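Student:
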Amino acid sequence: MQIKRFIEDQSGAVTVDWTVMTAAIVGLGIATYGVVSGGIQNLSGDVDLHLRQDHISTSFGPSLLASMDFTGGDKGGWVGGTVLTQIEALGEILVLQPGETASVTLDVPANSDSATLSFDLIGGDSLDNEVATITSNGKTVTLARGLYTGTMTFTTPDVEGVTVTTETISEQTNLGGSGPTYWRDSVTRVTVTVDDPGETLALGMTSGANQNIGDEFFAVDNVEITAD
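When we follow our numbering, the leftmost residue of the sequence shown carries the number 188, and every step to the right adds one.
Right under this line is the structure:
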């Protein structure tokens, strides 16, 4: 009977046991916080820093800033040069007079890691060692020398953050124009990649030809500028 009453009895000091258990749990939590708080604080600081600095891009691949083939005489923002059909096989091209400079400047999207300027550089007719100077943001990035044989050679200075590649499209071929049929022309695809381009990107070219464009000239065509 005594055992039965003990089992059925609902009186007792349960609060004493609960107080001891709760104190133990709280003490364990405080001790754990003391161990991991430093690591958690460092981790939260790193997360905050990355969230402030990193930007999620919703685009895939490079974005096209400009494309120009000078159709209909549209210079597409270029300052200098004249759109002519100097070589029938190429259609409309931007031709530079002797000693003339032509350039175009474009805005670059924020946080772009690089920008690429690609264009066809044309050496026409009786060029004989004259040089076209190609610049990006005011810096000379390559020098193109037109030869009488209808070829073109390139000298590229070492400019930090700039890479220049060239691809011969055609050479030693008479593509047309006003000169004799024995004159030869060349077309080279020039690609200039600029790291950390900043807010604006400029492409410029100065012709070193020393005769009028009926005899010899430098020209550009099929310009494409992208940012990534």
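No residue lacks a Cβ here, since even glycine has one placed at the ideal position from N, Cα and C. Note that the structure is predicted; figures quoted are calculated from it, not measured.
Going along the chain, which residues of its own chain have a beta-carbon closer than 7 Å to the beta-carbon of GLY348, five neighbours each way excluded?
Tutor: VAL381, ASP382, ASP383
Student: Taking 7 Å as the threshold (C-beta atoms), are MET392 and ILE321 in contact?
Tutor: yes
Student: Find the nearest neighbour of VAL282 within the set ALA276, GLY268, THR350, SER231, judged by alpha-carbon distance.
Tutor: GLY268
Student: For GLY264, is the classification buried or exposed, using 16 other Cβ atoms within 10 angstroms of its Cβ as the cut-off for buried?
Tutor: exposed
Student: Taking only three categories from DSSP, how would you classify ILE400?
Tutor: coil
Student: With a threshold of 16 other CB atoms inside 10 Å of the CB of THR245, please say whether the residue is buried or exposed.
Tutor: Reliability of the predicted coordinates at THR245 is poor, the pLDDT of 49 falling under 50, and the value obtained from them is presented with this limitation in mind. When all chains shown are included, THR245 counts as exposed.
Student: Measuring CB to CB, does ASP415 end up less than 7 Å from SER323?
Tutor: no
Student: Quick test of your reading: MET255 and VAL379, contact by CB under 8 Å. State the CB separation rounded to the nearest angstrom.
Tutor: Incorrect: roughly 15 Å between the Cβ atoms, too far for contact.
Student: To the nearest angstrom, how far is it from the Cα of GLY311 to the Cα of ARG371?
Tutor: 7 Å
Student: Thinking LEU271 and LEU362 are a contact (beta carbons under 8 Å), I'd like their distance in whole angstroms, please.
Tutor: Their Cβ separation, rounded to whole angstroms, is 13 Å, which puts LEU271 and LEU362 out of contact at 8 Å.
Student: What distance in whole Å lies between the Cβ atoms of SER290 and LEU388, which are believed to be in contact at a cut-off of 8 Å?
Tutor: Not a contact, Cβ separation roughly 11 Å.
Student: Pick from VAL374, LEU334, GLN359, THR353: whose alpha carbon is nearest that of THR368?
Tutor: GLN359
Student: Excluding the five sequence neighbours on either side, which residues of its own chain have a C-beta within less than 8 Å of the C-beta of GLU157, listed in chain order?
Tutor: As shown, the chain starts at 188 and ends at 415. That puts residue 157 outside it, with no answer to give.
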